[in-house]
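Shown next, in structure tokens, is the structure this report addresses.
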Amino acid sequence: MLLKNASVYLGLVILLFASIIFWQSLEYVYYTDTGPGPGFFPLWLSGGLAVVSLIYIITSIKKDGILLSEIIPRGEGARNILSLLAGTLFLLLTINYIGFVLAASILLFCLLVRFYRWYLGLGISLVVSLCLFFIFYTLLGIPLPVNYLGW
Amino acid sequence: MISKKLIAIFCTILLAGSILAGCASSESKTSGSAAKGGSGSESDYPTKPIELVIPYAAGGGTDVTARILAKTVSKYLPNKQTIVPVNKPGASGTLGLAELYEAKPDGYKISMATIGNIAIQPNYGNTPYSYDSFEPLLIATSVPHVLLVKKDAPWKTVDEWFEYVKKNPNSFSYSTPGKGNTQHLNLEGIALKDGLKLKHVPFDGAAPAITALLGGHVEGAVVQVHEAKPHVDSGTLRILANTGTTKSESIKDAEFLEDKGYSGLNAWTGIVAPKGIPEDVKTTLHDAFKKALEDPETIEQFKKIGIEPAYSNPEDFKKTIEDTNKTTGDIAKKVGL
Amino acid sequence: MDSLIQLFQGFETALTWWNLLYCLAGVSIGMMVGVLPGLGPTTGTAILLPVTFSMEPVSAIIMLSGIYYGSMYGGTITSVLINTPGEAASVITTLDGYPLAKQGRAGTALGVAGIGSFIGGTISIIGLAFIGPPLAQFALKFGPPEFFALMVLGLITVIGLMGKSIIRGLISALLGLCLALIGMDPVSGAVRFTFNEPNLMNGIDFVIIAMGLFGLSEILIGLENISKAETPPKVKGLLPKREEWRPTLSSIGRGTGLGFLIGLVPGTNSVIPAILSYSLEKKLAKDPSRFGKGAIEGVAGPETANNSYSGAALIPLFTLGIPSSPTIAVILGAFIMHGLTPGPMLFQSNPDIVWAIIASMFIGNLILLIFNLPLAGVWAKITMVPAKLLYPIIFLISILGAYSVNNRLFDVWVLLAFGVLGYFMKKTDIPIAPIVLTFVLGKLLESSLLQSMILFRGDFSGFFSRPISAVMLTIAILILLVSVIAGIKKKKELLATDVEM
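Chains as they are written, first to last, in our numbering: chain A, 1 to 151; chain B, 1001 to 1337; chain C, 2001 to 2501.
See below:
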């Protein structure tokens, strides 16, 4: 039962985060002669967060925990989310080499091909990416990563 | 059905077209450079737009300075190339410089550098680069800092002020745009000479620092001269002293602390390139920017925002960075930063 | 009387064809950057600042200020329709705006927001024109101690907004406060919790956190359930139901006042009046339980407050020469570039320009009302775009928006991380809004406390020696006490009913 309780996992992640902040904040000055130092706030806040997340873990073990099986996506939904994540990772890792238009088209295509015929998906991806490139890069002058050819 | 086919055809054409265009342009580029490369050792730099990194947010002082320069410098670059300003703000201007530090020294990426991000920040050990990691091109502008007080402050002259703070240690409170920033080190450096003790209240930027003074929450503020000017002109604030290294045309009457033997700091802004750029590229860039600085249009635009061009050549720039790094490092150590 | 005559002369200048065109361009661009998640007024004005170098001073500033207040209108649209705040001030709007959209009342939400924004914006400009200078002088009394008191009040209010589970709410609120600590602290100069990542030196940007937690998590959940996506209900009318008019109008009135007062104080931001207005509405409502499920007052109040705020925030600029936010700093830059010095002298030395700008703001707000009321229905049709097409496109726009905040890919990674966090928080029923709200307040809270302590030389009682901060802190403590007592009472009742059942 405990192993299937999603709230416990989330609580643990937050507890871990709070502990890291707490641990780190011990390095900063806690109090100076003119009042609280840079370590004062972090220590109390992360301490508070740790306590609250502990209470959260305990209560969710006792009663209103949410089952892991209820929140982990499955089947079609999981595949949609995975293609979004995979597409984004691909974009982040390659955009500096292949440029925005291509990377964004591939990301969109990853998602759209799941719902549309491939040629339609490809068309929409290219048109949308080019439009956004035009708006952000050309009109708004935002220095998007581009490839050697300038797009 | 027909519409789907149309879309399919359309995107095929689009894709093909873009690929073709891409090939064509890359071909022309390679052939162009090959032809020129073959004609001799004479450089054809620049063959594409040059990226000018602005390590501060768009709309800020350094940004406006950089954009004014970028506009005119394009007139003086060979091959009709242009300068493209790109904002890379963050971490007191050190993120943008860190990016330049990693860039190829081909002259296609250069950056704005200020006393803050190139000379002072490396002292605090949070930057991947050190003060001498770059190839300084030139200093473009340099403005002094000023010590501001309210119009009705009890000190008529800076000597009266010195007397007051000598007698009352830890009671004069002043605001600056941030702890460990140029403005903070500037006044602390002056205070160190006579062993004065001041109460420093850092804010996040010059505007809140001035606001705190206007509201009377602090007794003084150290900011750049053009930031102070509007309030001085309107009569709400008064300049007690020029704490910089140069006199300024716009505040002729202000007492100049260097005359009294105190060493100040100016807020200077220059342009640097990655270390190891070819000598001829460096000369091309330097000459173009120097001409842009002398352009009447630049002078006119600078005047509007209250600054004056202040050229220094690469050697002097290098020395300025070195000296400032050392003096500010000493001050920071002494005040315990 | 003088002012009135000058205002009419201002209208003459503002109503010339060119200036009207610039005003229209300004508010349209403002709407657009407001609608696009991640792009905000600061980016919009900063990008267009160089373009205005060569324009007439009046036209330049008319256009830039148009972008500024126009974006406040635009930010609402995405908050209501796709639960993604377009800019900071609209985070609160998602709380009730999105539930309204789900009920098919997106048109009403947008309509009410449009009307509220117009009223708030117009009244604050009247304030700017006629009673600005004395008010701005008063607002200068807000130093670090008063700021600290205001932030404490804001924080207490956020805690007061927490619904069902106080523990889950606290997790969220404390998480937001901890996240605000990341980066360089301007007061102590310490670099904290950056884990040697230089990109974290400036901390995480608010916009990216909000976009990830709200927008991206919504997209993830939407994509997950796409096969069972219900067709959105048909968009019904733009105006509230008859019995809703009264409460709506009074929340608009309160929002105007609140936004105006906070706008006067340099250094605040538009999120604060929105939070305060939302909690005020919830406290005053006959049935507070409707809030969060589509209460029209929950949209009307905060939306009005942030527009009224943005008008009033120009008062310190016009009368004292103080920019109270990064966007206004850009507008200040534009003034200076054109040889004008905002401040006490401005109304005397360049009355023609000032009054023309003020007049243009009335016109701009009217244009925005026209844009928003009839178009609210058109905007609302965005929800009719099939989800399988809408989500991927919005996702790409969010990536672009996150990138454009600092022009770096690192922020897109952060966006992704917060999207995943938001996804799990939504699934485990931990409220998201407190994170972003406390995140905004946290930074100001800490630095104002440290600044005050330097001023008080470490003596905490200093806060109670200054009237404004003393009053606000007392109110905050009272609110806390009252809600704790009320909470204990309720607990008892709940326990009692539990037993009965």
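Where is the CB? At the ideal position from N, CA and C, for every residue including glycine.
Since this is a predicted model, take the numbers as computed values, not measurements.
In whole angstroms, what separates the C-alpha of Met2361/C from that of Phe2130/C?
For this step, residue 2361/C is matched to residue 361 along the third sequence. For this step, residue 2130/C is matched to residue 130 along the third sequence. In this structure, the alpha-carbon of Met2361/C lies about 14 angstroms from that of Phe2130/C.
Quick check on Arg2246/C: buried or exposed, where buried means 16 or more other Cβ atoms within 10 Å of its Cβ?
By one-based count along the third sequence, residue 2246/C stands at place 246. With fewer than 16 Cβ atoms within 10 Å of its Cβ, Arg2246/C is classed as exposed.
Can you grab the Cα-Cα spacing for the pair Ser2289/C / Pro2133/C, in whole Å?
Along the third sequence, one-based indexing puts residue 2289/C at 289. Along the third sequence, one-based indexing puts residue 2133/C at 133. Near 41 angstroms, if we compare the C-alpha coordinates of Pro2133/C and Ser2289/C.
What's the call for Ser153/A, buried or exposed, on a 16-neighbour Cβ count within 10 Å?
Outside the displayed range of chain A (1 to 151) lies residue 153/A, so it cannot be described from this structure.
Go through its chain and collect everything with a Cβ distance to His2338/C's Cβ below 7 angstroms, but skip five positions before and after it.
In the third sequence, residue 2338/C corresponds to position 338, counting from 1. Excluding positions up to five away in sequence, the list reads Pro2057 and Ala2060.
The ligand NAD heavy atoms versus the CB of Ser2452/C: any closer than 7 angstroms?
Absent from the structure shown: the ligand NAD. Ligands present: none.
Given a cut-off of 8 angstroms on the beta-carbon distance, is the pair Ala2313/C and Ile2252/C in contact?
Taking the third sequence and counting its residues from 1, one reaches residue 2313/C at position 313. Taking the third sequence and counting its residues from 1, one reaches residue 2252/C at position 252. In this structure, Ile2252/C does not lie closer than 8 angstroms to Ala2313/C by Cβ.
Do Phe2410/C and Ile2209/C have their C-beta atoms closer together than 8 angstroms?
Position 410 of the third sequence, counted from the start, is the residue given in the question as residue 2410/C. Position 209 of the third sequence, counted from the start, is the residue given in the question as residue 2209/C. Not closer than 8 angstroms, so no.
Taking the C-alpha atoms as reference points, what is the distance between Ile2432/C and Ile2397/C?
The residue given as residue 2432/C occupies position 432 in the third sequence. The residue given as residue 2397/C occupies position 397 in the third sequence. Straight-line Cα distance between these residues: approximately 22 angstroms.
Counting along the chain, where does the beta strand (DSSP E) carrying Gly1180/B start and finish?
Your numbering for residue 1180/B matches position 180 in the second sequence. Run containing Gly1180/B: none; DSSP gives neither H nor E here.
Out of Gly1276/B, Leu1069/B, Lys1319/B and Leu1285/B, point me to the one whose CA is closest to Ala1103/B's CA.
Residue 1103/B sits at position 103 when you count from the first residue of the second sequence. The option with the nearest alpha carbon to Ala1103/B is Gly1276/B.
Sequence-distant residues of the same chain with beta carbon closer than 7 angstroms to Ile71/A, five excluded per side
Numbered from its first residue, the first sequence carries residue 71/A at position 71. Ala6, listed in sequence order.
What residues in the region 2392-2425 of chain C bring their beta carbon closer than 8 angstroms to a beta carbon of chain A?
Hits within the stretch, in order: Pro2392, Ile2393, Phe2395, Leu2396, Ile2397, Ile2399, Leu2400, Tyr2403, Ser2404, Asn2407, Leu2409, Val2412, Trp2413, Leu2416, Phe2424 and Met2425.
Could you tell me if Val2378/C is buried or exposed, where buried requires 16 or more neighbouring beta carbons within 10 angstroms of its beta carbon?
Working through the third sequence from its first residue, we reach residue 2378/C at position 378. The residue in question, Val2378/C, is exposed, as its Cβ has fewer than 16 Cβ neighbours within 10 Å.
Grab me the residues of Val128/A's own chain with a C-beta within less than 7 angstroms of its C-beta, minus the 5 sequence neighbours each way, in chain order.
As a first step, residue 128/A is located in the first sequence; it is residue number 128 there, counting from the start. Here the set comprises Leu108.
Consult DSSP for Lys2427/C and reduce its assignment to one of helix, strand or coil.
Position 427 of the third sequence holds residue 2427/C. Lys2427/C falls in the helix class under three-state DSSP.
Are the C-beta of Ile1305/B and some C-beta of chain C separated by less than 8 angstroms?
Mapped onto the second sequence, residue 1305/B falls at position 305. Answer yes: the Cβ-Cβ gap between Ile1305/B and chain C drops below 8 angstroms somewhere.
Going by C-alpha to C-alpha distance, which of Ile2067/C, Phe2260/C, Trp2018/C and Leu2179/C sits closest to Phe17/A?
Working through the first sequence from its first residue, we reach residue 17/A at position 17. The shortest Cα separation from Phe17/A among Ile2067/C, Phe2260/C, Trp2018/C and Leu2179/C belongs to Leu2179/C.
Interface residues of chain A facing Val1086/B [CB-CB closer than 8 angstroms]
What you label residue 1086/B is simply residue 86 of the second sequence in a count that begins at 1. Residues of chain A with a Cβ closer than 8 angstroms to the Cβ of Val1086/B are, in chain order, Pro143.
Tell me the residue span of the alpha helix (DSSP H) that contains Met2063/C.
As a working mapping, residue 2063/C is identified with position 63 in the third sequence. Run containing Met2063/C: Pro2057 to Ile2082, per the alpha helix (DSSP H) assignment.
Just to confirm, are Ala1221/B and Ile1210/B a CB contact at a threshold of 8 angstroms?
For the purposes of this step, residue 1221/B is identified with residue 221 of the second sequence, where counting begins at 1. For the purposes of this step, residue 1210/B is identified with residue 210 of the second sequence, where counting begins at 1. Yes.
Tell me which residues share the same chain as Ala1034/B and place their Cβ nearer than 7 angstroms to its Cβ, disregarding the 5 neighbours each side in the sequence.
Sequence index remark: in the second sequence, residue 1034/B carries index 34 (1-based). Confidence in Ala1034/B is poor, its pLDDT being 39 and thus under 50, which makes the residue's placement too unreliable to answer from.
Tell me which same chain residues have a C-beta within less than 6 angstroms of the C-beta of Gly2294/C, skipping the five on either side of it?
The residue given as residue 2294/C occupies position 294 in the third sequence. Cβ neighbours of Gly2294/C beyond the five flanking positions: Asp2096, Pro2099, Leu2100 and Gln2103.
Taking only three categories from DSSP, how would you classify Glu1051/B?
Counting from one through the second sequence, the residue named residue 1051/B turns up at place 51. Strand, per DSSP.
Rounded separation between Leu2140/C and Gln2451/C - CA only:
To locate residue 2140/C, count along the third sequence from 1; it is residue 140. To locate residue 2451/C, count along the third sequence from 1; it is residue 451. Approximately 16 angstroms between the Cα atoms of the pair.
Residue range of the alpha helix (DSSP H) that includes Ala2433/C
Taking the first residue of the third sequence as position 1, residue 2433/C is located at position 433. Note, Ala2433/C: alpha helix (DSSP H), Ala2433 to Leu2455.
Test: Leu12/A CB closer than 8 angstroms to a CB of chain C:
For the purposes of this step, residue 12/A is taken as residue 12 along the first sequence, with counting starting at 1. Chain C, which has no Cβ nearer than 8 angstroms to the Cβ of Leu12/A, makes this no.
How would you write the range of the alpha helix (DSSP H) that Gly2333/C sits in, first residue to last?
Residue mapping note: residue 2333/C aligns to position 333 of the third sequence, counting from 1. Unbroken alpha helix (DSSP H) run through Gly2333/C: Pro2326 to Met2337.
Going along chain A, which residues have a C-beta under 9 angstroms from Ala2025/C?
On the third sequence, position 25 is the one that residue 2025/C refers to. Ordered by position in chain A, no residue passes the 9 angstroms Cβ test against Ala2025/C, which lies about 13 angstroms from the chain.
Strictly by DSSP, which residues pair up with Gln1224/B?
Counted from its first residue, the second sequence places residue 1224/B at position 224. According to DSSP, Gln1224/B bridges with His1145/B.
Simplified DSSP assignment, three categories, for Ile72/A:
One-based indexing of the first sequence puts residue 72/A at position 72. In the three-state reduction of the DSSP assignment, Ile72/A falls in the coil class.
If contacts are defined as beta-carbon pairs under 8 angstroms, then Gly2458/C and Thr34/A qualify, I think. What distance do you get, rounded to the angstrom?
The residue labelled residue 2458/C in the question sits at position 458 within the third sequence. The residue labelled residue 34/A in the question sits at position 34 within the first sequence. About 5 angstroms separates the two Cβ atoms, so the contact holds.
Would you kindly report the start and end of the unbroken alpha helix (DSSP H) that includes Arg1238/B?
As a first step, residue 1238/B must be located in the second sequence, where it is residue number 238. It is not in any alpha helix (DSSP H) - Arg1238/B instead sits in the beta strand (DSSP E) that spans Leu1237 to Asn1242.
Gly1205/B beta carbon less than 8 angstroms from that of Asn2202/C
For the purposes of this step, residue 2202/C is taken as the residue at position 202 of the third sequence. For the purposes of this step, residue 1205/B is taken as the residue at position 205 of the second sequence. Not a contact, by the Cβ cut-off of 8 angstroms.
In chain C, which residues lie with their C-beta within 8 angstroms of the C-beta of Leu132/A?
By one-based count along the first sequence, residue 132/A stands at place 132. For Leu132/A, the C-beta contacts it makes with chain C under 8 angstroms involve Leu2396, Ile2397 and Leu2400, in order along the chain.
Can you list, in chain order, the residues of its chain with a C-beta nearer than 7 angstroms to that of Leu1077/B? Leave out the 5 residues immediately preceding and following it.
Sequence index remark: in the second sequence, residue 1077/B carries index 77 (1-based). Around Leu1077/B: Pro1046 and Ala1288.
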